[in-house]
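Chemist: In this note's numbering, the protein residues as written are 13 to 648.
All C-beta atoms in this analysis are idealised placements derived from N, C-alpha and C, irrespective of residue type, glycine included.
Just so we're clear, the structure is a prediction, and the values are computed from it rather than from any experiment.
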Ligand code: COA
Ligand code: AMP
């Protein structure tokens with residue numbers, strides 16, 4: 013528990029980072045303990061704990077079994093979509109992970125090799141991640157809702173030796189077969205793995221080893237049946253633990269690198285200081301292992317802490333109803349839960365008066381944490397009055413891996429202000445800058461930036477591309493990391509995050525790229541040019557809308573137009589994935605542009621959201637915007 017208050021901890025973390033993080037590092041078991049804490053030899057790239065060595069899996073599993081937690085549940089798989097529940101103790105999970113690590117080693121997987129994991133919310137996904145960590149291999153989990161092209165882009169960039177997949181994921185309305193999507197992705201990718209391992213699920217059996225391929229294909233059970241358990245491999249604190257791809261504005265995803273040492277230290281610190289969770293507590297994060305929230309707070313942080321994590325394979329509503337979260341909390345005696353605001357908006361829509369809530373005993377629940385998108389005041393008010401516990405917003409991103417701003421429940425709980433994720437977390441020097449890079453006064457909006465160095469656990473770079481990291485994040489304002497979010501700080505030092513300043517979309521807490529959707533639309537033979545924007549949506553925060561200009565001479569009237577629009581929607585679903593949720597594409601006469609040809613997406617978005625648009629003086633032809641406005645406006 014905390015020995016300092018917020019002010020003292022924050023000041024020390026910024027003024028004396030070495031002292032602060034050296035102490036935090038004592039809670040991790042090292043093979044070679046750190047002597048260097050912050051390594052600032054190569055700015056603007058910083059590293060933490062250079063020279064120290066450890067194994068993340070050892071810290072997540074072995075040490076807890078050794079210290080007497082072997083019989084404590086480590087992971088509860090609660091799966092309303094299959095009607096099954098399964099509890100794995102720390103000893104069970106360790107046995108499964110070491111055997112699977114042995115199986116991976118038998119395929120030749122070694123320290124530094126990449127392993128792509130394309131799996132839904134099943135225990136084997138967690139086993140796969142930890143088995144990689146055990147061997148010092150680098151996992152890259154790809155969200156199951158992504159289509160082959162997105163999976164292929166990740167395989168191409170990560171160059172995995174092995175790909176692990178499940179035969180299917182289960183959505184409330186359908187079984188999603190993964191193997192055909194994986195086959196299509198491997199056909200597209202110029203990099204081919206050596207082995208593909210498929211976990212067969214009874215809802216869909218995948219054809220394995222029946223195609224003529226250059227790589228070996230095998231069933232998971234077959235591979236594991238004669239594997240010998242493998243031990244932990246010593247890795248450097250600065251060695252990569254995983255790569256997680258995230259969306260930028262262009263179609264090419266960015267490989268966020270996470271190191272071993274800084275990650276373990278920061279996540280362990282966050283669990284009690286931010287989330288108030290101690291060893292032995294039950295913690296429930298409803299997200300997906302394919303997102304950073306899943307990596308950090310379904311898998312690594314709770315296990316590094318010796319807590320019990322609930323792996324929930326279901327939805328907030330429809331599996332079977334809006335009482336699903338309350339059932340999970342009651343049944344497993346959950347102390348705190350974490351999800352995205354969208355999930356609560358969906359519950360509110362289906363059960364506004366909390367009738368289903370009253371059917372469950374949620375007295376174990378002390379706090380709800382929400383992140384992934386802005387927590388709007390209405391949802392905040394509804395959730396806190398319904399549940400009667402603090403509802404705590406926290407703001408961060410894939411790049412940082414853990415919260416930048418939060419109300420630190422274990423360090424020093426503060427009054428909550430609706431619409432604000434509260435204050436900067438120790439380690440993060442948050443500043444709001446104007447376009448010239450000067451800090452703005454309280455209350456004034458600007459670009460939210462983090463003064464370098466960022467704390468342990470944040471990205472050291474992009475996979476194989478220091479240059480892109482520096483160009484994309486560190487060059488706008490030298491000495492700062494650009495978060496891509498805009499916002500302000502109030503007189504009390506509370507941060508307000510108002511949204512992205514770039515064209516990144518946030519649909520139901522899922523980060524998506526306008527660029528990938530535009531590439532899918534542009535690939536249609538009839539399309540001359542296109543734009544995708546995110547418009548405000550009551551349930552999902554944002555929804556994408558597409559606008560296309562057709563090539564000359566193409567008939568867009570009546571049924572022909574209908575057909576093209578349907579084909580365009582399908583293309584995005586097939587190329588990016590169902591999760592893109594693009595349902596509306598309009599065929600328009602022109603797109604508003606600057607004189608240099610840049611499409612004015614922001615202006616379009618403002619009109620679509622019913623705001624007063626900012627029209628730059630550099631607009632090429634203002635009449636294009638006038639003609640487009642009626643289509644853009646809500647209900648247009
Ligand atoms: N694999 C395959 N398809 C998936 C998928 C997955 N893992 N996850 C979602 N999809 C599909 C859905 O089936 C849906 O397909 P459909 O068009 O055939 O209906 C589509 O992608 C959109 O899914 P989703 O965003 O889940 O929307 P929804 O309307 O089905 O459900 C919510 C709305 C609010 C219930 C849902 O978005 C939700 O649970 N949100 C929580 C967000 C969250 O956990 N974010 C993680 C970051 S913290
Ligand atoms: P991701 O990398 O997928 O976690 O998405 C990160 C982005 O989601 C951030 O840059 C924000 O735009 C948005 N986001 C995440 N959490 C919050 C929050 N608590 N408040 C406002 N926006 C958020």
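(1) Ignore the nearest five residues each way along the sequence and tell me which others in residue 43's own chain have a CB closer than 6 Å to its CB.
(2) Go through its chain and collect everything with a Cβ distance to residue 405's Cβ below 6 Å, but skip five positions before and after it.
(3) Going by DSSP in three states, residue 567 sits in which element: helix, strand or coil?
(4) By Cβ distance, which residues of its chain are closer than 8 Å to residue 107, with the 5 residues on each side in sequence left out?
(5) Between residue 22 and residue 440, what straight-line distance do the alpha-carbon atoms span, to the nearest angstrom?
(6) Less than 6 Å separating the Cβ of residue 457 from some heavy atom of the ligand AMP?
(7) With 16 as the cutoff for other CB atoms within 10 Å, does residue 570 come out buried or exposed?
(8) For residue 299, count neighbouring Cβ atoms within 10 angstroms of its own Cβ and tell me buried if that reaches 16, exposed if not.
(9) Cβ of residue 353 within 7 Å of Cβ of residue 393?
(10) To the nearest angstrom, how far is it from the Cα of residue 185 to the Cα of residue 438?
(11) Terminal residues of the continuous beta strand (DSSP E) containing residue 257?
(12) Pick out whichever of 617, 206 and 152 has its Cα sitting closest to the Cα of residue 543.
(13) Do residue 151 and residue 129 count as a contact pair if the criterion is CB distance below 7 Å?
(14) Out of 533, 624, 638 and 552, state which residue places its alpha-carbon closest to the alpha-carbon of residue 598.
(15) For residue 238 versus residue 272, is the C-beta distance shorter than 7 Å?
(16) Considering only residues of the stretch 499 to 562, which uninterrupted beta strand (DSSP E) runs meet the minimum length of 3 residues and lie entirely inside it, listed in chain order?
(17) I need the DSSP call for residue 230, collapsed to helix, strand or coil.
(18) Any chance you could list the alpha helix (DSSP H) runs of at least 4 consecutive residues sitting entirely within the stretch 184 to 213, in chain order?
(19) Within 6 Å: the Cβ of residue 411 and any heavy atom of the ligand COA?
(20) Can at least three beta-carbon pairs, one atom from the stretch 487 to 498 and one from the stretch 583 to 598, be found at a separation below 8 Å?
(21) Spell out a yes or no on whether the stretch 549 to 561 and the stretch 355 to 363 are touching, meaning 3 or more CB-CB pairs, one atom from each, closer than 8 Å.
(22) In angstroms with no decimal places, state the Cα-to-Cα distance between residue 481 and residue 491.
(23) Please classify residue 46: is it buried, with 16 or more other beta-carbons within 10 angstroms of its beta-carbon, or exposed?
(24) So, for residue 396: in the same chain, excluding its five sequence neighbours on each side, which residues have a beta-carbon less than 6 Å away from its beta-carbon?
(25) Excluding the five sequence neighbours on either side, which residues of its own chain have a C-beta within less than 7 Å of the C-beta of residue 501, listed in chain order?
(26) Less than 7 Å between the C-beta atoms of residue 132 and residue 156, yes or no?
(27) Under 6 Å: does the beta carbon of residue 550 sit that close to some heavy atom of the ligand COA?
(28) May I have the straight-line CA-CA distance separating residue 366 from residue 425, to the nearest angstrom?
(29) Whole alpha helix (DSSP H) runs in the stretch 294 to 331 with 4 or more residues, listed along the chain?
(30) Compute every distance between the C-beta of residue 421 and the non-hydrogen atoms of the ligand AMP, then say whether any falls below 6 Å.
(31) Please find out if some non-hydrogen atom of the ligand AMP comes closer than 6 Å to the beta-carbon of residue 617.
(32) Leaving aside the five residues before and after residue 211 along the sequence, list all residues of the same chain whose C-beta is less than 6 Å from its C-beta, in chain order.
(33) Assuming residue 287 contacts residue 422 (C-beta within less than 8 Å), just tell me the rounded distance between them.
(34) Pull up the distance between the alpha-carbon of residue 13 and that of residue 511, whole angstroms please.
(35) Just to check, is the beta-carbon of residue 299 closer than 6 Å to a non-hydrogen atom of the ligand COA?
(36) Taking the continuous beta strand (DSSP E) assigned at residue 443, which residues delimit it?
Modeler: According to the structure data:
(1) Cβ neighbours of residue 43 beyond the five flanking positions: 65, 66 and 246.
(2) So the list reads 382, 387 and 433, once near-sequence residues are dropped.
(3) DSSP places residue 567 in the coil class of the three-state scheme, outside both helix and strand.
(4) Taking residue 107 as the centre and dropping the five residues before and after it, the same chain places the C-beta of 241 closer than 8 Å to its C-beta, in chain order.
(5) As the crow flies, the alpha-carbon of residue 22 is around 9 Å from that of residue 440.
(6) Judged by the Cβ position, residue 457 fails to qualify as a neighbour of the ligand AMP at the 6 Å threshold, every heavy atom of the ligand being at least this far.
(7) When all chains shown are included, residue 570 counts as exposed.
(8) Within a 10 Å sphere around the beta-carbon of residue 299 sit 16 or more other beta-carbons, which makes this residue buried.
(9) Result no, Cβ atoms of residue 353 and residue 393 do not sit closer than 7 Å.
(10) The C-alpha of residue 185 lies about 43 Å from the C-alpha of residue 438.
(11) Membership of residue 257 in the beta strand (DSSP E) is indicated by the continuous run 252 to 258.
(12) Residue 617 is the option with its Cα nearest to residue 543.
(13) Against a cut-off of 7 Å, the Cβ pair of residue 151 and residue 129 comes out as a contact.
(14) Its Cα nearest to that of residue 598, the residue 533 stands out among 533, 624, 638 and 552.
(15) No, these two residues do not count as a Cβ contact at 7 Å.
(16) Note on the stretch 499 to 562: whole beta strand (DSSP E) runs with a minimum of 3 residues are 507 to 512, 516 to 519, 522 to 525, 539 to 549 and 553 to 562, in chain order.
(17) Of the three classes helix, strand and coil, the one that applies to residue 230 here is strand, per DSSP.
(18) Counting only runs that start and end inside the stretch 184 to 213, the alpha helix (DSSP H) elements of at least 4 residues fall at 191 to 200.
(19) No, the Cβ of residue 411 stays beyond 6 Å of every heavy atom of the ligand COA.
(20) Between the stretch 487 to 498 and the stretch 583 to 598 there are fewer than three inter-stretch CB-CB distances shorter than 8 Å, so the stretches are not counted as touching.
(21) At 8 Å Cβ cutoff, the stretches touch.
(22) About 13 Å.
(23) Residue environment: residue 46 is assigned as buried (16 or more neighbouring CB atoms within 10 Å of its CB, all protein chains considered).
(24) So the qualifying residues of the chain are 403.
(25) The residues are 444, 454 and 507.
(26) Against a cut-off of 7 Å, the Cβ pair of residue 156 and residue 132 comes out as a contact.
(27) Not under cutoff, so the answer is no.
(28) Each residue's Cα considered, the two are about 27 Å apart.
(29) Counting only runs of 4 or more, we get 313 to 317.
(30) Outside the cutoff, so no.
(31) No, since every heavy atom of the ligand AMP falls outside the 6 Å radius drawn around the Cβ of residue 617.
(32) Same-chain partners within the cutoff: 136, 178 and 232.
(33) The Cβ separation is near 7 Å, so the contact holds.
(34) In this prediction, residue 13 scores a pLDDT of 46, lower than 50, which makes its location untrustworthy; no coordinate-derived value is stated.
(35) Annotation for residue 299 indicates a beta carbon within 6 Å of some heavy atom of the ligand COA.
(36) Per DSSP, residue 443 belongs to the beta strand (DSSP E) from 441 to 445.
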